[in-house]
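Chemist:
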Amino acid sequence: MVEKIQSIPEARLLLASLRSVGYNVETAIADIIDNCISARAHEIKIKFDWEKKRIIIFDDGFGMSEKELIENMRIGSSDPSKTRHKDDLGRFGMGMKTAAFSLGKKLTVVTKSDSAVSNASWDLDLIPEIGWSLIIRDESEIYEFLSLIGEQGTVVVIENLDRVIDTGDENKDRIKFYKTAEKTEKHLALIFHRFIEEDNLVLKLNGIPIKAWNPFILENSATQELPEESVFSDTGRSEVVIQPYVLPHKTKFASDDAYKIAGGPKGWNYHQGIYIYRNRRLIICGTWFDYIKKEPAYNLARIKIDITSDSDEEWKIDIKKSTASLPSYVRESVERAIDLCTEKSAHVYNSRGSYTKYNVSAPNLDYVWEQRKKNGRYVFYINRKHSLLNNINNQLDEQGKLTLSAYLALVENFAPFMQSGVTDFLHKEKVDAVHPDKNSLEYQMQIKDLSDMVSVFLSRGFSKEETQSTLLDMANYRHLREEIIRLVEEYND
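If you count by UniProt numbering, then the sequence shown holds residues 1 to 493, one letter each, in order.
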């Protein structure tokens, strides 16, 4: 005989643990807004109310009946395994509650549907007394919130903000509160940009409309839209749409401010990568899924991937809708898109202010950098025939010319794009160890250049150790390690 003993979770402890699932203020509010959008809201308003120490989110969506409200206030109100409507942004039926609890101890929801008004509250301070019981208030007690609703809609009020207002210093907390509001505005501008752009959704924070920030900078005609690819899951039920973009070079922006805005709230390096949208709502921002590392050369590469809620299990979407894993059936296509997008990004990133021997459209020789492919990799050299450089050279004696040449070699080899590896990203082939042809003219010229630099550095007071270390670190001479060591050792004043 099997004995069954009911083991009911301790309400106070369980709800306390739900407060620590990893939300911050911005992601918590975004999760609550998901519910507003699912309710077909046209306008959603967020109010950071410092005076009353609360955050309010209210919308003009469908609203809920009393039965629907009670069900939605229940912890775990949705089955993630059930098929959702194609536009539903929910996941586990826990988002609104856990998001709210991560900010404060008291959650009140007031809703109006078909002229019927309903309300319900969770108050974590009262849980030890009342357990798993919702609080229903008289309409007179919720009039302030009800006045925010028109013919229909819902108001979410989060109070007792112990996770937001937490320093105990009134002035510091106030400054932090409003800085958090600014961060939230930028976050929502990105997360819901497609709803703002495509559906004319109105989002307002403290009365000010939030302007969409589209990470693909489509308003700039120089943005490159690469070929789109659709991939279907093994069952054929879920479609994944992969759309790579290469953003414009800095010189293609109207102003420095426009370029800075295009970089995103956290800068160009952070915002490079893959953007995953679940039912058009952004859930993953700027990652390469450990396929490659973030590098300056990839700053212009951004890839949009659209998935549906049908594929939540395949992508391992978490409760916060903020992490995901690439399913095996889509990995090859995504990696192919990354290769293409980053290669083109590197070309654009490094194109302005440089010239290659294949660029027949260059009007004159007054380019600053010359790009060459040598030993299977791209390298950059200063244009030694530049008119300004020639003018300087003509004013120097032979020793001065050698010194200037040595300095230019330092600039060439220790330029940020050489040290960051940009040049290695301009090609994909792997290069075997280089064995220089000692009879070639190029080899003889490189040995002469190295010999001149050894002479200049040592005659200027650098030690042999410093000189050798510097030359060995030069990107354009790394294949001549043995020659560098020999030239330094053999040097005599």
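All C-beta atoms, glycine included, are put in the ideal place defined by N, C-alpha and C. Computed from a predicted structure; not experimentally measured.
Are at least three pairs of beta-carbons, each pair with one atom in the region 40-54 and one in the region 328-342, less than 8 angstroms apart?
Modeler: no
Chemist: From the DSSP secondary-structure annotation, give me the bridge partner or partners of Q243.
Modeler: Here residue 243 is taken as the residue at index 243 of the sequence shown, counted from 1. The partner list for Q243 (beta bridge, DSSP) reads K304.
Chemist: At what residue ranges does the region 270-357 contain a whole run of the alpha helix (DSSP H), taking only runs of 4 or more?
Modeler: 312-315 and 328-349
Chemist: Please classify D59 as buried or exposed, where buried requires at least 16 other C-beta atoms within 10 Å of its C-beta.
Modeler: For the purposes of this step, residue 59 is identified with residue 59 of the sequence shown, where counting begins at 1. By the 10 Å Cβ count, D59 comes out buried.
Chemist: Taking buried to mean at least 16 other C-beta atoms within 10 Å of its own C-beta, is D312 buried or exposed?
Modeler: By one-based count along the sequence shown, residue 312 stands at place 312. So D312 counts as buried.
Chemist: So what does DSSP say about F62, is it helix, strand or coil?
Modeler: The residue labelled residue 62 in the question sits at position 62 within the sequence shown. Looking at F62 - three-state DSSP - the assignment turns out to be coil, as it is neither helix nor strand.
Chemist: Tell me, please, which residues DSSP counts as bridged to S113.
Modeler: Within the sequence shown, residue 113 is the residue found at index 113, counting from 1. Answer is A116, bridged to S113.
Chemist: For the beta strand (DSSP E) containing F48, list its first residue and its last residue.
Modeler: If you number the sequence shown from 1, residue 48 lands on position 48. E43 to D49 is the span of the beta strand (DSSP E), which, as asked, contains F48.
Chemist: Where do the ends of the beta strand (DSSP E) carrying I158 lie?
Modeler: If you number the sequence shown from 1, residue 158 lands on position 158. Residues G153 to E159.
Chemist: Give the DSSP-derived three-state secondary structure of F216 in the structure shown.
Modeler: What you label residue 216 is simply residue 216 of the sequence shown in a count that begins at 1. It is coil, neither helix nor strand.
Chemist: How many Å lie between Y178 and F101 at the Cα?
Modeler: Here residue 178 corresponds to residue number 178 of the sequence shown, with the count starting at 1. Here residue 101 corresponds to residue number 101 of the sequence shown, with the count starting at 1. In a straight line, the C-alpha of Y178 is about 20 angstroms away from that of F101.
Chemist: Do you know how far the Cα of T98 is from the Cα of I57?
Modeler: As a working note, residue 57 is residue 57 in the sequence shown. As a working note, residue 98 is residue 98 in the sequence shown. Rounded to the nearest whole angstrom, the C-alpha separation of I57 and T98 is 15 angstroms.
Chemist: Which same chain residues, not among the five before or five after T467, have their C-beta less than 7 angstroms away from its C-beta?
Modeler: The residue you call residue 467 lines up with position 467 of the sequence shown. V454, F457, L458 and V488.
Chemist: Taking the C-alpha atoms as reference points, what is the distance between A222 and K252?
Modeler: To locate residue 222, count along the sequence shown from 1; it is residue 222. To locate residue 252, count along the sequence shown from 1; it is residue 252. Straight-line Cα distance between these residues: approximately 7 angstroms.
Chemist: Could you tell me which of E343, Y477, H187 and Q152 sits nearest to L205, measuring between CA atoms?
Modeler: Here residue 205 refers to the residue found at position 205 when the sequence shown is read from its first residue. When only C-alpha atoms are compared, the closest one is H187.
Chemist: With contact counted as at least three CB pairs below 8 angstroms, one residue from each stretch, are the region 300-311 and the region 260-276 in contact?
Modeler: yes
Chemist: Measure the C-alpha to C-alpha separation of G95 and D318 and round it to an integer number of angstroms.
Modeler: The count along the sequence shown starts at 1 and reaches residue 95 at position 95. The count along the sequence shown starts at 1 and reaches residue 318 at position 318. When rounded, the distance between both Cα atoms is 11 angstroms.
Chemist: Just to confirm my understanding: we take A406, look at its own chain, exclude 5 residues before and 5 after, and list those with CB closer than 6 angstroms. What are they?
Modeler: The residue labelled residue 406 in the question sits at position 406 within the sequence shown. Excluding residues within five positions, the ones whose Cβ falls inside 6 angstroms are M453 and V456.
Chemist: Check this for me: beta carbons of L103 and V25, under 8 angstroms apart or not?
Modeler: Start at 1 with the first residue of the sequence shown, and residue 103 comes out as number 103. Start at 1 with the first residue of the sequence shown, and residue 25 comes out as number 25. Closer than 8 angstroms, so yes.
Chemist: Between A475 and N413, which are expected to be in contact by the criterion C-beta below 8 angstroms, what is the C-beta distance as a whole number of angstroms?
Modeler: Taking the sequence shown and counting its residues from 1, one reaches residue 475 at position 475. Taking the sequence shown and counting its residues from 1, one reaches residue 413 at position 413. Contact holds; Cβ gap of about 5 angstroms.
Chemist: Going by DSSP, what residues sit across from R54 in a beta bridge?
Modeler: Stepping through the sequence shown from its first residue, residue 54 is reached at position 54. Answer is D49 and E159, bridged to R54.
Chemist: If contact is defined by three or more beta carbon pairs under 8 angstroms, each pair taking one atom from either stretch, is the region 60-73 in contact with the region 150-157?
Modeler: yes
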